[in-house]
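Participant: Chains as they are written, first to last, in our numbering: chain A, 1 to 96; chain B, 1001 to 1373. In this text, a Cβ means the ideal position worked out from N, Cα and C, and glycines have one as well. All of these numbers come straight from a predicted model, not from anything done at the bench. The following block contains the structure, expressed as structure tokens.
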């Protein structure tokens, strides 16, 4: 299988080759891989790649998918313009 | 400004529509967030007739069911629908944020029903980012909602009901379907759908997968190959298929970001196609006041999503003191309905999955990220 043109993260254009390289270097969680490659940080926020990367970790470490540590999940779910947040702040939207 | 709402339903698909209707019918005030410009979820593009019993509108076409539900809830003064409004976050104090146009909205609901549905799975193979590699859902939207012919000749990957139905609809739209490849040794979907496309002359190859897509600017073809009983590719079995689109119908996975953000306990359940929130019989998650219904609790069918919506809707309304006895009776009826739906051919797998969710033990995941407040 040619890994150099198999895309795991479409948003950030990351190949399987690049993800495996990270895993071989010792990055062992989805979040670590995210921090070094930006996998999951694009428009879909990991909906496409998260579980594909989980599968690679599962294969490499021989642990079942049930046990693969998930990424963290933070709002917002989809990218939004900074201006939208700024407007909300000015309207007093920051109040609890 | 944070808006206080009584029941907030996130998602206007079959589960969300039924949840809103059920909660409102008990007297609760419901606000529904819908990402699209019109609620209905996947129903809006489903032109095929539904199975099940009359209660789930069997015999009607998906989009007609969606329209019918929508007409009913639009006439209900207790329900406010916010279309083109995408939920963005669910915080540990229960506040839900959403984006509506360029406005950032905040809600503090007394009860929240997450009916966020599912997302399509993607497949890793060389050439999988070429233009012309589609999800089956996208192809169905193009054809049945936008009226756009997506390609001339399509290779379908996956023989679940979506793969089979979309293949037939492609054929109806005048698109040639080169074939359906299925990695498993058996066809995944219902025989009636499979028979229909076989009669239309479309081959279904079980034990085959797409090995790679090729093309210069876009998909010009695919190499498929046979798989052994361990799902490993068998060298030497490759065949080349000329096509200008590859349609991936390799399953759905629950869309659970909001559940994670809320801090719900989650489990990875194969039978339910991904991580799902741990829920009670009332469909309440481990976060009090937050319910989940439909595909977000595990991939099933629209008919069961509708019934789950009702269960969550009645439960949420009752917990707020709205007609608790009537709600309990209707909830019970809905649970019976669900039991019947799950006694069908695909029910075994779903029931096994639900059993695993309920069982103690197994790995329970909780969002790693902690909020600072």
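What are the start and end residues of each continuous alpha helix (DSSP H) run of 4 or more residues lying completely inside the region 1091-1172 of chain B, in chain order?
Facilitator: As far as the region 1091-1172 of chain B is concerned, its whole alpha helix (DSSP H) runs of at least 4 residues are 1136-1140 and 1161-1172.
Participant: Assuming residue 1357 of chain B and residue 1278 of chain B form a contact by the criterion Cβ under 8 Å, report the distance between their Cβ atoms to the nearest whole angstrom.
Facilitator: Translated into the one-based positions of the second chain, residue 1357 of chain B becomes position 357. Translated into the one-based positions of the second chain, residue 1278 of chain B becomes position 278. Rounded, the Cβ-Cβ distance is 6 Å, consistent with contact.
Participant: Apply the 10 Å Cβ neighbour rule to residue 1231 of chain B and answer buried if 16 or more other Cβ atoms are within range, or exposed otherwise.
Facilitator: Taking the second chain and counting its residues from 1, the one referred to as residue 1231 of chain B is at position 231. It is exposed - the Cβ of residue 1231 of chain B has fewer than 16 other Cβ atoms within 10 Å.
Participant: Closer than 6 Å by C-beta to residue 96 of chain A: which residues in its own chain qualify, once you throw out the five before and the five after it? Chain order, please.
Facilitator: Translated into the one-based positions of the first chain, residue 96 of chain A becomes position 96. Per-residue confidence for residue 96 of chain A stands at a pLDDT of 45, beneath the threshold of 50, marking its modelled position as unreliable; the derived number appears in the next sentence. Once the five neighbours on either side are set aside, residue 96 of chain A has no close Cβ partner at all.
Participant: Give me the chain B residues within the contact set of residue 75 of chain A, using Cβ-Cβ distance strictly less than 8 Å, ordered along the chain.
Facilitator: Numbered from 1 along the first chain, position 75 holds the residue referred to as residue 75 of chain A. Ordered by position in chain B, the residues that pass the 8 Å Cβ test against residue 75 of chain A are 1088, 1089, 1090, 1091, 1097 and 1261.
Participant: Helix or strand or just coil, what does DSSP make of residue 45 of chain A?
Facilitator: If you number the first chain from 1, residue 45 of chain A lands on position 45. Residue 45 of chain A falls in the coil class under three-state DSSP.
Participant: Out of B:1326, B:1365 and B:1360, point me to the one whose CA is closest to residue 1377 of chain B's CA.
Facilitator: Within the shown structure, residues of chain B are numbered from 1001 to 1373, placing residue 1377 of chain B beyond reach of any answer.
Participant: For residue 1196 of chain B, which three-state DSSP category applies?
Facilitator: Along the second chain, read from residue 1 onward, the residue named residue 1196 of chain B stands at position 196. If DSSP states are grouped into helix, strand and coil, residue 1196 of chain B belongs with the helices.
Participant: Comparing the C-beta of residue 36 of chain A with each C-beta of chain B, is any distance below 8 Å?
Facilitator: Counting from one through the first chain, the residue named residue 36 of chain A turns up at place 36. No, residue 36 of chain A lies away from the interface with chain B (no Cβ there is under 8 Å from its Cβ).
Participant: How about residue 1171 of chain B: is its Cβ closer than 7 Å to a heavy atom in the ligand ZN?
Facilitator: This structure does not include the ligand ZN; it has no bound ligands of any sort.
Participant: 8 Å is my cut-off, CB to CB: does residue 1295 of chain B come that close to chain A?
Facilitator: Counted from its first residue, the second chain places residue 1295 of chain B at position 295. No, because no Cβ of chain A sits closer than 8 Å to the Cβ of residue 1295 of chain B.
Participant: Spell out whether any CB of chain B is found under 8 Å from the CB atom of residue 39 of chain A.
Facilitator: Here the question's residue 39 of chain A lines up with position 39 in the first chain. So, not an interface residue.
Participant: For residue 1226 of chain B, report the span of its beta strand (DSSP E) as first-last.
Facilitator: Along the second chain, one-based indexing puts residue 1226 of chain B at 226. Residue 1226 of chain B -> beta strand (DSSP E) spans 1221-1226.
Participant: Answer yes or no: do residue 1092 of chain B and residue 1007 of chain B have a C-beta to C-beta separation smaller than 8 Å?
Facilitator: The residue you call residue 1092 of chain B lines up with position 92 of the second chain. The residue you call residue 1007 of chain B lines up with position 7 of the second chain. No.
Participant: Alpha carbons only, please: which of B:1251, B:1045 and B:1088 is nearest the one belonging to residue 43 of chain A?
Facilitator: Residue numbering aside, residue 43 of chain A sits at position 43 when the first chain is read from its first letter. When each option's Cα is compared against that of residue 43 of chain A, the closest is B:1088.
Participant: If the cut is a Cβ gap below 8 Å, which residues of chain B does residue 80 of chain A touch?
Facilitator: For the purposes of this step, residue 80 of chain A is taken as the residue at position 80 of the first chain. Chain B residues near residue 80 of chain A: 1088, 1099 and 1104.
Participant: Please check the pair residue 1204 of chain B and residue 1273 of chain B, which I expect to be a contact at CB under 8 Å, by giving their CB distance rounded to whole angstroms.
Facilitator: In the second chain, residue 1204 of chain B corresponds to position 204, counting from 1. In the second chain, residue 1273 of chain B corresponds to position 273, counting from 1. The Cβ separation is near 22 Å, so there is no contact.
Participant: In angstroms, rounded to a whole number, what distance separates the CA positions of residue 1079 of chain B and residue 1361 of chain B?
Facilitator: Taking the first residue of the second chain as 1, we reach residue 1079 of chain B at position 79. Taking the first residue of the second chain as 1, we reach residue 1361 of chain B at position 361. The straight-line gap from Cα to Cα measures roughly 39 Å.
Participant: Residue 9 of chain A by DSSP, collapsed to three states: which one?
Facilitator: Position 9 of the first chain, counting from 1, holds the residue named residue 9 of chain A. Strand, per DSSP.
Participant: Starting from the C-beta of residue 1343 of chain B, find all residues in its chain whose C-beta is less than 6 Å away, skip the five residues before and the five after it, and write them out in chain order.
Facilitator: By one-based count along the second chain, residue 1343 of chain B stands at place 343. Correct list: empty, nothing qualifies.
Participant: Output needed in chain order: residues of the region 7-31 of chain A with a Cβ under 8 Å from some Cβ in chain B.
Facilitator: If the cut-off is 8 Å between Cβ atoms, the region 7-31 of chain A has 7, 8, 10, 13, 16 and 31 near chain B.
Participant: With C-beta atoms as the reference, is residue 1175 of chain B less than 8 Å away from residue 1243 of chain B?
Facilitator: Working through the second chain from its first residue, we reach residue 1175 of chain B at position 175. Working through the second chain from its first residue, we reach residue 1243 of chain B at position 243. For residue 1175 of chain B and residue 1243 of chain B, no; Cβs fall outside 8 Å.
Participant: For the region 1271-1290 of chain B, enumerate the residues whose C-beta is nearer than 8 Å to any C-beta of chain A, in chain order.
Facilitator: Taking 8 Å as the Cβ-Cβ cut-off against chain A, the residues of the region 1271-1290 of chain B that qualify are 1274 and 1275.
Participant: Is the region 1330-1342 of chain B close to the region 1114-1128 of chain B, with three or more CB pairs under 8 Å?
Facilitator: No, because fewer than three Cβ pairs between the region 1330-1342 of chain B and the region 1114-1128 of chain B fall closer than 8 Å, the two stretches do not touch.
Participant: Any idea what DSSP makes of residue 1277 of chain B, helix, strand or coil?
Facilitator: Taking the first residue of the second chain as 1, we reach residue 1277 of chain B at position 277. In this structure, residue 1277 of chain B counts as strand in the three-state DSSP scheme.
Participant: On the DSSP letters alone, give me the boundaries of the alpha helix (DSSP H) that residue 1020 of chain B sits inside.
Facilitator: Locating residue 1020 of chain B in the second chain gives position 20, counting from the first residue. Note, residue 1020 of chain B: alpha helix (DSSP H), 1014-1025.
Participant: Just the C-alpha distance for residue 1207 of chain B and residue 65 of chain A, rounded to the nearest angstrom, thanks.
Facilitator: Along the second chain, read from residue 1 onward, the residue named residue 1207 of chain B stands at position 207. Along the first chain, read from residue 1 onward, the residue named residue 65 of chain A stands at position 65. So the two alpha carbons sit approximately 23 Å from each other.
Participant: Can you tell me the Cα-Cα spacing of residue 1341 of chain B and residue 1347 of chain B, whole angstroms?
Facilitator: Position 341 of the second chain, counting from 1, holds the residue named residue 1341 of chain B. Position 347 of the second chain, counting from 1, holds the residue named residue 1347 of chain B. Distance between the alpha carbons of residue 1341 of chain B and residue 1347 of chain B: 7 Å.
Participant: Would you check if the distance between the CB atom of residue 972 of chain B and the CB atom of residue 1248 of chain B is smaller than 8 Å?
Facilitator: Residue 972 of chain B cannot be examined here, being either before or after the span of chain B that is shown, 1001 to 1373.
Participant: Name the chain A residues that come within less than 9 Å of residue 1322 of chain B, Cβ to Cβ?
Facilitator: To locate residue 1322 of chain B, count along the second chain from 1; it is residue 322. Per Cβ cutoff of 9 Å: no residues; residue 1322 of chain B is ~28 Å from chain A at best.
Participant: Scan the region 1338-1367 of chain B for residues whose Cβ lies nearer than 8 Å to a Cβ of chain A and list them as they occur along the chain.
Facilitator: Listed by position, the residues of the region 1338-1367 of chain B near chain A (Cβ gap below 8 Å) are 1362, 1363, 1365 and 1367.
Participant: Cβ atoms of residue 1290 of chain B and residue 1264 of chain B: under 8 Å apart, would you say?
Facilitator: Taking the second chain and counting its residues from 1, the one referred to as residue 1264 of chain B is at position 264. Taking the second chain and counting its residues from 1, the one referred to as residue 1290 of chain B is at position 290. Yes, these two residues count as a Cβ contact at 8 Å.
Participant: Does the region 44-60 of chain A come close enough to the region 5-23 of chain A to have 3 or more Cβ pairs within less than 8 Å?
Facilitator: With the cut-off at 8 Å, the region 44-60 of chain A and the region 5-23 of chain A touch.
Participant: Less than 8 Å between the beta carbons of residue 1177 of chain B and residue 1202 of chain B, yes or no?
Facilitator: Mapped onto the second chain, residue 1177 of chain B falls at position 177. Mapped onto the second chain, residue 1202 of chain B falls at position 202. Going by C-beta atoms, residue 1177 of chain B is nearer than 8 Å to residue 1202 of chain B.
Participant: Please confirm if the region 79-90 of chain A is in contact with the region 1094-1112 of chain B, defined as three or more CB-CB distances below 8 Å between the two stretches.
Facilitator: Segments in contact, yes.
Participant: Return the residue from the list B:1171, B:1162 and B:1170 that minimises the CA-CA distance to residue 1188 of chain B.
Facilitator: Within the second chain, residue 1188 of chain B is the residue found at index 188, counting from 1. Closest option to residue 1188 of chain B, Cα to Cα, is B:1162.
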